[in-house]
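Single-structure report; data block below.
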């Protein structure tokens, strides 16, 4: 019995030793990481102090380059307009805007002027284009609710975010169209050519034409229906006048036309409904809400391009980055020379 007790005690001691070794290994692992991080900071500090002249020269040089670029590069301005296009999916809008951006970035102003139906001077004033879906606050809330619901069935949050972003792009009909120009005086003249460019897309224009023809047909049918109702109302009014005394005796609101009783109130109500529907359709024909400009360009006086201080600061950071790359190359070259010397000594 005592021998079994000793064996059990030995096993417990062995388990305790294994756990101690495990926690000790974990502690050493994190300790080594921390020490490695500290040594990296020390080496970075030493390299900075050793090559401080290179760092200062490249930092100052980068700042001066940024200041020079600020005077050399022209300022540009940015503005946007809101377009509602029911027939333009996110991918179609992306393709249309990318085409303008590519022509502008490669400096093909002749083709850009031809596409937008503007002169070459206006085309040369264009710096770039981009777009983004216009999402209302209600839609943002709905998308967030959808994300929370999806998290209950999908564990990968990145997949959920990609899915929601795709919904945001593909199921939109209102877009912000951003335009960057060198001179914002011509923004107002650029508004209508851009609207025409998106409206006259072959895919969009065909569907707008079909939609307009369908609306015209519906309007014509409603006019004919209203004409028949007006004729019926005249007949009812005449019949009502002739049979007024008989109706008063019977206490009924119905008029007998032929063998059928007709309620004149329902006829007048139906006429009102048809007239309101005709007004709505005529409004749609005039406005074509499936494609319309919601808000035009606003001319801002402040340039979108980086200011003198910002450009100098960013360029200085770039100069510092180049300086540290050079320092790393110098250190790596010294290491290679040391390895080469060690190999020579071993060979001798």
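Numbering (this note's numbering), first residue to last: 113 to 460. Note that the Cβ used here is the ideal one computed from N, Cα and C, for glycine as well.
- So which of 341, 350, 313, 187 has the shortest CA-CA distance to residue 292? 187
- Taking only the alpha-carbon atoms, compute the straight-line gap between residue 133 and residue 143 and give it to the nearest angstrom. 15 angstroms
- Task: Compute the distance between the beta-carbons of residue 439 and residue 159, then report whether it is under 9 angstroms.
- Result: yes
- Do you know offhand how far residue 543's Cα is from residue 211's? Here the chain comprises residues numbered 113 to 460, so residue 543 is not present and cannot be evaluated.
- Since residue 383 and residue 338 are thought to touch, with beta carbons under 8 angstroms apart, how far apart are those beta carbons, to the nearest angstrom? 7 angstroms
- Given residue 242, which residues of its chain have a CB within under 6 angstroms of its CB, disregarding the five upstream and five downstream residues? 290
- Query: How would you call residue 170, buried or exposed, if buried means at least 16 neighbouring beta carbons within 10 angstroms?
  - Reply: buried
- Item | Contact test: residue 229 Cβ vs the ligand HEM heavy atom, cutoff 8 angstroms | This structure simply doesn't include the ligand HEM, nor any ligand for that matter.
- Message: Applying the 10 Å Cβ sphere with the 16-neighbour rule, what's the burial state of residue 300?
- Response: exposed
- Query: Is residue 335 near residue 390, with beta carbons less than 9 angstroms apart?
  - Reply: yes
- Using the DSSP secondary-structure output, state which residues sit across from residue 419 in a beta bridge. The partner list for residue 419 (beta bridge, DSSP) is empty, contrary to what the question assumes.
- Message: Give me, in chain order, the residues of the same chain whose beta-carbon lies closer than 6 angstroms to that of residue 349; leave out the 5 immediate sequence neighbours on both sides.
- Response: none
- Query: Since residue 418 and residue 426 are thought to touch, with beta carbons under 8 angstroms apart, how far apart are those beta carbons, to the nearest angstrom?
  - Reply: 7 angstroms
- Are there three or more Cβ pairs, one per stretch, closer than 8 angstroms when the region 172 to 192 is compared with the region 428 to 442? yes
- Query: Which ranges does the alpha helix (DSSP H) cover as unbroken runs of at least 4 residues, wholly within the region 281 to 318, from first to last along the chain?
  - Reply: 299 to 311
- With 16 as the cutoff for other CB atoms within 10 Å, does residue 79 come out buried or exposed? One cannot answer for residue 79 here, as it falls past the ends of the chain, which runs 113 to 460.
- Could you spell out where the alpha helix (DSSP H) holding residue 208 opens and where it closes? 202 to 217
- Over the uninterrupted alpha helix (DSSP H) stretch that includes residue 170, give me the two end residues. 164 to 184
- Message: Under DSSP, the beta strand (DSSP E) around residue 192 begins and ends at which residues?
- Response: 189 to 197
- Query: Nearest-angstrom Cα distance between residue 344 and residue 306?
  - Reply: 50 angstroms
- Task: Would you mind working out which of 413, 401, 219, 179 sits nearest residue 197, comparing C-alpha positions?
- Result: 401
- Using CA coordinates, which residue listed in 155, 406, 297, 396 is at the minimum distance from residue 285? 406
- Task: Determine the direct distance from the alpha carbon of residue 205 to that of residue 331, and round the result to whole angstroms.
- Result: 31 angstroms
- C-alpha distance - residue 490 paired with residue 309, whole-angstrom precision: Not covered by the structure: residue 490. The range shown for the chain is 113 to 460.
- Anyone know if the C-beta pair for residue 164 and residue 436 falls short of 9 angstroms? no
- CB residue 341 to CB residue 238, shorter than 9 angstroms? no
- Query: Is residue 393 buried or exposed, if buried means 16 or more other CB atoms sit within 10 Å of its CB?
  - Reply: buried
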